[in-house]
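S.K.: Going by my numbering, 535 is the number at position 533 of the sequence shown; the sequence numbering is gapless. Once you've had a glance at the structure underneath, I'll fire off some questions.
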Amino acid sequence: SGKVNQYGALLFGAAAVAEANRVPRLSEISRATTRFPGGETVYAYGGLIFDYLSRTRGPDKIGKFIDETSKIILPLSLNARAKRVFGISFENAWRDWRDSLVRVSGASRDPMPGWTELTHDGRYVEFPRWLGDTAILYSAANGREVTSAYAVSLRGKVERIGRRNGLGVNVPLSDGSIVFSQPDYIDPFHLRTDLYVQKHGEQRRLTRGARLTQPDVRANGDIVAVQSVPGSTRLVRVSPDGRSIVPITVGDAAMQWGEPRWSPDGKSIAALRVRDGHSEIVVLPEGGSEASVLVSERAILATPSWSASGRTILYTSTRSGTTQAYRIELPSDGSVAQMTSASTGVFNPEASPDGRYLVALGFKFDGYHIGIGIPQTQRVEKSTEGEGPRASCTNCRLAEVRAPISLEQVPAPKKYSPWQSLAPRYWEPIVGHAPSSGYEIGAATSGEDIIGRHAFYAQALYKTKFRESEAFAAYQYAGLGQPYVNFSASQEWDHFSVVNNAGNRVGELARRARIGGMSLSLVRPRARTSASFSIGGDVESRTYSTNPDTLLARLPEVFGKTRAYPSLFTSASWVNTKRPGLAISREDGISLSATARQRWESGDISNASRSVVGVAGLFKSLDLPGFAHHVIAARLAGGYADRRAISSFSVGGLSGGSLAVLAGVTVGDDRRTFGVRGFPPSAEQGIRALGGTVEYRAPIAAPSKRVPFIPVLFDRISVSAFGEGGRAFCPASAGANQICAANRGGPFLASAGGELDFDTALQYDVPTRFRIGVAVPVHNREAGNAEKASFYFTVGSSF
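What follows is the structure, encoded as structure tokens:
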């Protein structure tokens, strides 16, 4: 119910942004924005603009617009389609709705007299609870930090209490400990919310897989909480050690329970109950017999709480059109009193232990703020079962009230078939340019069935300069649970210069590689860590050609025929880094990965080659001024291959991004293990390699604005300074290895420089990082055949 309440607040939030004159442009509505409310922006504002079109152009036009746009192969004419159906373009409809909203919005009103804001970060805040009379405990996701519990004094001093996996309630106990709930994986496929206790900074789990949320604790340590059961929820009593869970109410598909609170004497429980389209505030004895209904409305009720005397219950309701705080006296005669009149809503009211103040969440254009004020009764009226504020809208289409479906009405089950949902529903164009290969033109698509057993990705490219085709396809089967079964197939082209003994270029060598593989992947996701392990094999077929074609006969025999190279590989990774909502980089953790491969030449199993690559990253945040943390990031990579290797490690070039198409499967070769900016790709090659990078990353601005005439939203801007280096070489023990003929003693290459990084949303929805930078070689520039300085533009993070 709390989530429903807050989502409703997002819709009411249109008034908040209008009051602050901060209504975004239509082109700034993006799933990838970090501006509050983040990805919910498209749903909140999208619902509002379609509501406006429904009321002004007719509700029947919404279905017609969906039918019209579903025919589009290239979704590039939505404004034209909107004008055809609604008689007005989206741009003009948005302008009209925005202007009307600003005209009708009044001046901002404080929730109550003496209102003082204690927090100023905005964004997401939940469940303030009093810590005595002088401080308030709450949970928040402020963007700079991962979701955490905090305490704020009445003077506004904020202290971080501990990390949390979600925005749940934190219940302070008399011994200084805190009981809370948070979600985590109990295995790779089940995310469950359980109870925890924190004491002296240490967190201890009380339950496992119990699906418990919204706890409250009475003086003897007994916990009341909400437990999710199939199709419903129920209230349960949990022992202080978490070992005993006893139902208080029955889990019924026609009834939902939420937000229980013990009375001060521990003999009663106030809770939220939803049934038959009504929200109810009820009080029931600790044993869970018949509940007394205090308030019943066709509105959103939420967060009941007790006064210290136990004679008053506070709660919120949307009965007036915005969420306001109300109170009801016990014993009740059905009268309720409105306590707040905020123009943009009030949430989570809690009376102070001495009764002097009311703490609550105020809602503004940038999110939720904790504040305190002096509660006052503005109006007293009988609780009714009214139809809610939308019932007075004369041109709104209201949902029909229907009786719950019975078991007899449930259709007979059918055998599951994945094919209908697995079929691809989209395709996306791929256009790129590389100085060495001209333009790349192609397309990609993917699909996944609704329960996630089958997934695939496919892309095809045509390279204009060499008139070559490349393709990649991957399929994953997850019907076994663990491991995932992965299949992949690809065709790739690489080009190399051929030089004579005098060092002059005499032609070009092209290598076509066709690779088919299979692997098994085990994953271990957790809320704060992630680990994976894969094992598999593939077969690579290599065919060579030259330009001019007469050059092939003059090259070593190995290039004259098609060869197959089967191989086995294994890889593992572990990550515990953090990524707050506004972060410009991973923070405060490490990432480790390693891959080992053994490869043979077909027909000669005794001639195996082995290689190992390991990568480690370290990230440390610095709490310096800016919209996000500053970060020091370091990376170290090493590679080893024996003297029979048929592939080399390369040092040099930019490291960009890769596309993760399936769990454990990636496509793309932009990520360079041993990249050194400022030097050309493959400046050095060898069967041994080392590389390292240190970066200082700092936030600049978070405009979340678009550039006119191009479909790109610039969300965050940051800058980084870097130093990196690497070396690839062949040791003397490499012998006659064909790779090492010209790569014996590669020197160490190093560069330094800086970047301006733009975190953007392409087509307003696809998160993409663009990097503009300059790199200056500072060691062995001539040996690496590098320019004195190079400017570059690329995509994706360096690491």
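All residues carry an ideal CB built from backbone N, CA and C; glycine is no exception. Bear in mind the structure is a predicted one, so any value in this text is a computation, not a measurement.
1) For residue 508, count neighbouring Cβ atoms within 10 angstroms of its own Cβ and tell me buried if that reaches 16, exposed if not.
2) Are the beta-carbon atoms of residue 221 and residue 196 separated by less than 7 Å?
3) What are the start and end residues of each continuous alpha helix (DSSP H) run of 4 or more residues lying completely inside the stretch 410-453, in chain order?
4) Using three-state DSSP, classify residue 90 as helix, strand or coil.
5) Residue range of the alpha helix (DSSP H) that residue 195 falls in?
6) Between which two residues does the beta strand (DSSP E) holding residue 57 run?
7) Counting beta carbon pairs with one atom in the stretch 646-661 and one in the stretch 618-629, are three or more of them shorter than 8 Å?
8) Would you check if the stretch 99-108 and the stretch 357-367 touch, i.e. whether three or more CB-CB distances between them fall below 8 Å?
9) Take residue 332 and list the residues in its own chain whose beta-carbon comes closer than 6 Å to its own, dropping the five residues that flank it on each side.
10) With 16 other CB atoms within 10 Å as the buried threshold, where does residue 218 fall?
11) Let me know if residue 662 comes out buried or exposed under the rule of 16 or more other beta-carbons within 10 Å of its beta-carbon.
12) Scan the stretch 293-327 and note each continuous beta strand (DSSP E) run of 3 residues or more that stays entirely inside, going in chain order.
13) Apply the 10 Å Cβ neighbour rule to residue 632 and answer buried if 16 or more other Cβ atoms are within range, or exposed otherwise.
14) Please name the residue in 202, 560, 470, 412 whose C-alpha comes closest to that of residue 440.
15) Which residues mark the beginning and the end of the alpha helix (DSSP H) in which residue 62 is found?
16) Taking the Cβ atom as the reference point for each residue, do residue 756 and residue 723 lie within a distance shorter than 7 Å?
17) Using only the alpha-carbon positions, how far apart do residue 243 and residue 208 sit?
18) Do residue 656 and residue 2 have their beta-carbon atoms positioned less than 7 Å apart in this structure?
19) Nearest by alpha-carbon distance to residue 865: which of 432, 764, 794, 779 is it?
20) Once the 5 residues before and after residue 191 are set aside, which same chain residues still bring their CB inside 8 Å of it?
21) Mapping the DSSP letters down to three states, classify residue 798 as helix, strand or coil.
22) Quick check: what's the CA-CA separation for residue 1 versus residue 796?
23) Using a 10 Å radius around the Cβ and a threshold of 16 neighbouring Cβ atoms, would you call residue 388 buried or exposed?
24) Buried or exposed for residue 49, going by 16 or more other Cβ atoms inside 10 Å?
25) Looking only at its chain, what residues have a beta carbon closer than 8 Å to the beta carbon of residue 306, apart from the 5 residues adjacent to it on each side?
26) Smallest Cα separation from residue 488: which of 424, 476, 123, 154?
27) Between the stretch 150-168 and the stretch 496-510, can you find at least three pairs of beta-carbon atoms closer than 8 Å?
28) Report the rounded CA-to-CA distance for residue 794 versus residue 774, giving the unit in angstroms.
29) Take the Cβ of residue 666 as the centre, count every other Cβ of all protein chains shown within 10 Å, and call the residue buried at 16 or more, exposed below.
30) Starting from residue 568, follow its DSSP beta bridges and name the residues at the other end.
31) Taking only runs that begin and end inside the stretch 755-784, name each unbroken beta strand (DSSP E) of 3 or more residues, in chain order.
32) Kindly list the residues whose CB is nearer than 6 Å to the CB of residue 8, restricted to its own chain and excluding five residues on each side of it in sequence; keep chain order.
33) Compare the Cα-Cα distances from residue 121 to each of 259, 309, 353, 158 and report the closest residue.
34) List the whole-angstrom C-beta distance separating residue 454 from residue 480, where the pair is believed to meet the contact cut-off of C-beta under 8 Å.
35) Any idea which residues DSSP pairs residue 520 with across the strands?
36) Which residues bound the beta strand (DSSP E) around residue 140?
M.R.: The short version:
1) It is exposed - the Cβ of residue 508 has fewer than 16 other Cβ atoms within 10 Å.
2) Not closer than 7 Å, so no.
3) Those alpha helix (DSSP H) runs which fall completely within the stretch 410-453 and span 4+ residues are 421-424.
4) In this structure, residue 90 counts as coil in the three-state DSSP scheme.
5) Run containing residue 195: none in the alpha helix (DSSP H); it sits in the beta strand (DSSP E), 192-201.
6) Taken as a continuous stretch (DSSP letters only), residue 57 belongs to no beta strand (DSSP E), being part of the alpha helix (DSSP H) at 43-59.
7) No: fewer than three Cβ pairs fall under 8 Å.
8) In the pairwise beta carbon analysis, the stretch 357-367 is classified as not touching the stretch 99-108: fewer than three pairs are separated by under 8 Å.
9) Same-chain partners within the cutoff: 313.
10) Label assigned to residue 218: buried.
11) Summary for residue 662: the model assigns pLDDT 47, below 50, so the residue's position carries little reliability; its value from the coordinates is reported in the next sentence. With fewer than 16 other Cβ atoms within 10 Å, it is exposed.
12) The stretch 293-327 is shown to contain whole beta strand (DSSP E) runs of 3 or more residues at 294-299, 303-308, 314-319, in chain order.
13) Buried is the call here.
14) Closest by C-alpha distance to residue 440, out of 202, 560, 470, 412, is 470.
15) Looking at the DSSP string, the run of the alpha helix (DSSP H) that includes residue 62 is 62-71.
16) Yes, the Cβ-Cβ distance between residue 756 and residue 723 is below 7 Å.
17) Each residue's Cα considered, the two are about 6 Å apart.
18) Missing from the structure shown is residue 2; the chain here goes from 3 to 801 and no further.
19) Residue coverage of the chain in this structure runs from 3 to 801, which leaves residue 865 outside it and unanswerable.
20) So the list reads 483, once near-sequence residues are dropped.
21) In the three-state reduction of the DSSP assignment, residue 798 falls in the coil class.
22) Outside the displayed span of the chain (3 to 801) sits residue 1, for which this structure offers no information.
23) Only weak support is given to the placement of residue 388: the predicted model assigns it a pLDDT of 49, under 50, and the value that follows is read from those uncertain coordinates. Exposed: under 16 other Cβ atoms inside 10 Å.
24) Taking all protein chains in view, the Cβ of residue 49 is surrounded by fewer than 16 other Cβ atoms within 10 Å, so the residue is classified as exposed.
25) Here residue 306 has 261, 263, 272, 273, 274, 283, 315, 316, 317 as same chain residues with Cβ atoms under 8 Å from its own Cβ, once five neighbours each way along the sequence are excluded.
26) Residue 476 holds the alpha-carbon nearest to the alpha-carbon of residue 488 among 424, 476, 123, 154.
27) Verdict: no, contact absent.
28) Going from the Cα of residue 794 to the Cα of residue 774 covers about 6 Å.
29) Legend: pLDDT at residue 666 = 45, less than 50; position of this residue unreliable, value from coordinates given subsequently. Of the residues assessed, residue 666 falls on the buried side of the cut-off, its CB having 16 or more other CB atoms within 10 angstroms.
30) In the DSSP assignment, residue 568 is bridged to 541.
31) As far as the stretch 755-784 is concerned, its whole beta strand (DSSP E) runs of at least 3 residues are 768-781.
32) Because residue 8 sits at a pLDDT of 42, beneath the cut-off of 50, its placement in the model cannot be relied upon, and the following sentence gives the value as read from the coordinates. Hits under 6 Å: none found.
33) Nearest C-alpha to residue 121 among 259, 309, 353, 158: 158.
34) By a beta-carbon distance limit of 8 Å, residue 454 contacts residue 480. Their separation comes to about 6 Å.
35) Paired residue(s): 489, 539.
36) From DSSP, the beta strand (DSSP E) with residue 140 extends over 137-143.
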